[in-house]
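Below is one structure, written out as C-alpha cells; the observations come after it.
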C-alpha cells in the first residue's frame, strides 16, 4: 500500500514539473527572439532603405512597363538626341531661403540635357540641399525621403561620363557634378546630384576632376545663405533645405 501511494505521488510530482516547464520556457524564448528581431529589423531598415526602395521600384517598372527607364546602355544615346530636341538652358531653383537661377552650358550637352530632363520629370522637387561645407560648396539633389528613391527607380540607374576638357573652371558660382560613390576610377558622375561652388574666388583644385556644367547667374546671395547653415557631423543641415526646380528658358 505504501509503495502504491509513493508511486502515485511520484507521478503527480512529475506531471506538475512537466506542466511548469511547458508553460514558462516558450514565453522566455519568445521574448528574447522578439527583442533581437526588433533590433535587427531596425538596423537593416536604417542601413538599406535606399537599396530596398530601388529594388522594389525597379521590379515595379519591369512588371508594369509604365515608362521608359534609363540604363547604363541607353543613357548616352538618349541624351544625345534629347539635347538636340530640348534647347532649354536656364533653371530656377527655389528654397525657403529664396531663389536663384542656373545657366547650363551648351558645351556640356549630356549634363545639360540630363539636368533639363530631371527638371521636367519633377525629380528635384522636394529633394534637399543635403550637404553644406562652409566656404566651399553646397550640394543638392538627394534626401532622406523615400519618395526620392522611388523617383530614381522610375527614372533609371545610370551614370554620366566626365566632360572636363571644355575649359570651364570651378569659379565661385559654378555648378558641377559629384562622382558616383561606387568604385569609380573614371570619375563617372552621379546624374541626380549637383554642387555649387561657394569658395572665393573658386575651388580650382576640382578642375579636371569634376564636370562644370553651369553657373549661378542670379541669386548667389541665396546660395551663400544656405552655405551658412549649421550642420551635423555628416555636413547635413539641421534644417532641411527643400528645393523645387522649374525651367525658365
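Residue numbers (mature numbering (1 follows the signal peptide of the UniProt record, and there is no 0)): -24 to -1, 1 to 225.
All C-beta atoms, glycine included, are put in the ideal place defined by N, C-alpha and C.
Residue i to residue j, Cα distance in whole Å?
| i | j | result |
| --- | --- | --- |
| residue 83 | residue 206 | 36 Å |
| residue -5 | residue 120 | With a pLDDT of 44 at residue -5, under the threshold of 50, the predicted position of this residue should be treated as unreliable, though the coordinate-derived value follows. Cα-Cα distance, rounded: 50 Å. |
| residue 139 | residue 43 | 28 Å |
| residue 85 | residue 126 | 26 Å |
| residue 40 | residue 123 | Any reading at residue 40 needs caution, since the residue's pLDDT is 37, under 50, leaving its predicted position unreliable; the model's value is listed next. Going from the Cα of residue 40 to the Cα of residue 123 covers about 19 Å. |
| residue 77 | residue 153 | 17 Å |
| residue 114 | residue 165 | 17 Å |
| residue 193 | residue 74 | 14 Å |
| residue 145 | residue 45 | 33 Å |
| residue 106 | residue 57 | 31 Å |
| residue 133 | residue 92 | 17 Å |
| residue 224 | residue 181 | 32 Å |
| residue 97 | residue 168 | 12 Å |
| residue 208 | residue 141 | 35 Å |
| residue 63 | residue 143 | 21 Å |
| residue 94 | residue 163 | 21 Å |
| residue 156 | residue 215 | 25 Å |
| residue 200 | residue 210 | 19 Å |
Taking C-alpha atoms, which residue in the options lies nearest to residue i?
| i | options | result |
| --- | --- | --- |
| residue 212 | 117, 181, 153 | 117 |
| residue 60 | 49, 67, 69, 87 | 87 |
| residue 47 | 150, 151, 201, 129 | 129 |
| residue 202 | 64, 109, 67, 189 | 109 |
| residue 170 | 104, 64, 142 | 104 |
| residue 70 | 89, 81, 209, 198 | 198 |
| residue 137 | 64, 196, 191, 90 | 90 |
| residue 147 | 66, 62, 190 | 190 |
| residue 80 | 65, 94, 72 | 65 |
| residue 72 | 150, 101, 151, 168 | 101 |
| residue 49 | 135, 173, 196, 172 | 135 |
| residue 111 | 95, 96, 94, 149 | 149 |
| residue 67 | 151, 143, 141, 142 | 151 |
| residue 131 | 99, 196, 204 | 99 |
| residue 226 | 195, 143, 156 | The question about residue 226 has no answer here: the residues shown for the chain are numbered -24 through 225. |
Would you identify the three-state DSSP class for residue i, choosing helix, strand or coil?
| i | result |
| --- | --- |
| residue 126 | helix |
| residue 207 | strand |
| residue 118 | strand |
| residue 142 | coil |
| residue 133 | coil |
| residue 168 | coil |
| residue 298 | Outside the displayed span of the chain (-24 to 225) sits residue 298, for which this structure offers no information. |
| residue 222 | strand |
| residue 7 | Here the model assigns residue 7 a pLDDT of 23, short of 50, so the residue's position is not dependable, and the following value carries that caveat. DSSP places residue 7 in helix when its eight states are reduced to three. |
| residue 79 | strand |
| residue 55 | helix |
| residue 91 | helix |
| residue 230 | Here the chain covers residues -24 to 225 and nothing more, so residue 230 does not appear. |
Let me check one thing: in DSSP terms, what residues is residue i bridge-paired to?
| i | result |
| --- | --- |
| residue 147 | 178 |
| residue 84 | According to DSSP, residue 84 bridges with nothing at all. |
| residue 213 | 207 |
| residue 226 | The requested residue 226 is not part of the displayed model; the chain covers only -24 to 225. |
| residue 46 | 132 |
| residue 155 | 165 |
| residue 70 | 75, 220 |
| residue 192 | 78 |
| residue 173 | 113 |
Does any C-beta atom of chain C lie closer than 7 Å to the C-beta of residue i?
| i | result |
| --- | --- |
| residue 198 | Judged by its chain identifiers, the structure shown contains no chain C, having just a single protein chain. |
Quick test of the definition: if touching needs 3 or more C-beta pairs under 8 Å, does the region 40 to 56 touch the region 176 to 189? no
Would you call the region 210 to 224 and the region 181 to 188 in contact, with 3 or more CB pairs under 8 Å? no
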